[in-house]
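First residue of the sequence shown: 5, per my numbering; consecutive thereafter. All remarks here apply to the structure that follows.
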Amino acid sequence: YLSVLDANITGGSQYVGAVVGYAHSTTTQFCQSTGIVSGTSQVGGLVGLNFYGTVRESKSSASVYATENAGGLVGLNTSGTVRNSYASGYVNAAGNTADDGTGGLVGKMPGGTIINSYSESTVVSSNYGGGVVGFSYNNAKVTNSFALGQVNSGKGLLRWSSYHKDTTTTNSFWDVNTTGRSASDGGTGKTTPEMKTKSTFTNAGWDFANIWYMEDGEYPRLRWEKAYDLATPSSHLVDLNSTVDLEMIWV
Numbered sequence: 005y006l007s008v009l010d011a012n013i014t015g016g017s018q019y020v021g022a023v024v025g026y027a028h029s030t031t032t033q034f035c036q037s038t039g040i041v042s043g044t045s046q047v048g049g050l051v052g053l054n055f056y057g058t059v060r061e062s063k064s065s066a067s068v069y070a071t072e073n074a075g076g077l078v079g080l081n082t083s084g085t086v087r088n089s090y091a092s093g094y095v096n097a098a099g100n101t102a103d104d105g106t107g108g109l110v111g112k113m114p115g116g117t118i119i120n121s122y123s124e125s126t127v128v129s130s131n132y133g134g135g136v137v138g139f140s141y142n143n144a145k146v147t148n149s150f151a152l153g154q155v156n157s158g159k160g161l162l163r164w165s166s167y168h169k170d171t172t173t174t175n176s177f178w179d180v181n182t183t184g185r186s187a188s189d190g191g192t193g194k195t196t197p198e199m200k201t202k203s204t205f206t207n208a209g210w211d212f213a214n215i216w217y218m219e220d221g222e223y224p225r226l227r228w229e230k231a232y233d234l235a236t237p238s239s240h241l242v243d244l245n246s247t248v249d250l251e252m253i254w255v
């Protein structure tokens with residue numbers, strides 16, 4: 005696995021991520037990041053742009069700053085997949101139009117998929133925030149996922165626009181208490197006690213034998229979080245402790 009810890013990355017106009025700037029039709033797996041990632045557009049805590057690729061079994065607790073299209077894990081997920089992953093950082097993007105997205109996990113998602121993932125990220129946006137996805141359209145899909153982090157403006161789980169109401173949301177939830185949001189353009193809002201009750205998720209068909217686990221009085225967590233301790237990596241460690249101009253493209 006790859007860990008980029010204590011990053012301080014300032015990118016150019018677009019495609020900025022702590023691990024990958026532009027991921028084209030690739031798989032990013034067992035990666036994590038912490039620190040600060042900033043740029044103008046398509047900025048993610050782990051990946052800037054995931055274009056027809058897959059991000060899986062990965063996490064970020066980075067703080068992400070951008071003008072538009074910023075996500076705690078992926079800035080822009082274009083027809084890509086985010087699977088079995090989570091973000092727990094801070095995402096701040098002004099968002100100038102309804103086509104911009106600021107999301108706890110993914111900023112903007114045209115035609116992409118999120119499955120078995122969650123966000124605890126705090127989301128700060130002028131108008132266009134979402135607990136998991138800031139702006140979702142083009143027949144995107146969100147399945148078996150949830151949001152916990154505070155969203156200062158926007159929607160609890162995800163947001164679409166008045167002319168893009170085509171995202172399919174299946175068995176996904178947001179915590180109405182911790183997010184501070186009572187509405188979403190997809191998903192089901194639950195109170196904190198309900199979100200910490202296993203039957204909320206088993207009744208929705210979540211797989212607790214292979215994908216999720218849940219301790220008493222806690223939220224669901226991914227099983228790989230127990231199997232792979234990414235908090236204290238023993239190999240493949242990258243420590244970025246100074247500001248750099250970085251653009252990475254994986255093809």
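The beta-carbon is built from N, C-alpha and C at its ideal position, and this holds for glycine as well.
Q: Mind reading off the beta-carbon distance from L109 to V136? Whole number of angstroms is fine, and I expect it under 8 Å.
A: 5 Å
Q. In angstroms, rounded to a whole number, what distance separates the CA positions of G21 and L226?
A. 23 Å
Q. Leaving out five residues before and five after T201 in sequence, what residues of the same chain have Cβ atoms less than 6 Å from its Cβ?
A. none
Q) Helix or strand or just coil, what does DSSP make of T183? A) Correct three-state label for T183: helix.
Q) Can S129 and L162 be called in contact, C-beta distance under 9 Å? A) no
Q. For chain C, is any of its Cβ atoms less than 9 Å away from the one on S157?
A. Chain labels in this structure do not include chain C; a single protein chain is all it has.
**Q.** Which listed residue (S29, Y5, N214) has its alpha carbon closest to that of S83
**A.** S29
Q) According to DSSP, what are the bridge partners of N81? A) N54
(Q) Can you check which of these residues, Y5, Y232, E222, W216, is closest to I119 by C-alpha distance? (A) W216
Q: Could you tell me if I13 is buried or exposed, where buried requires 16 or more neighbouring beta carbons within 10 angstroms of its beta carbon?
A: buried
Q: Look at E61 and T106 and say whether their C-beta atoms are less than 9 Å apart.
A: no
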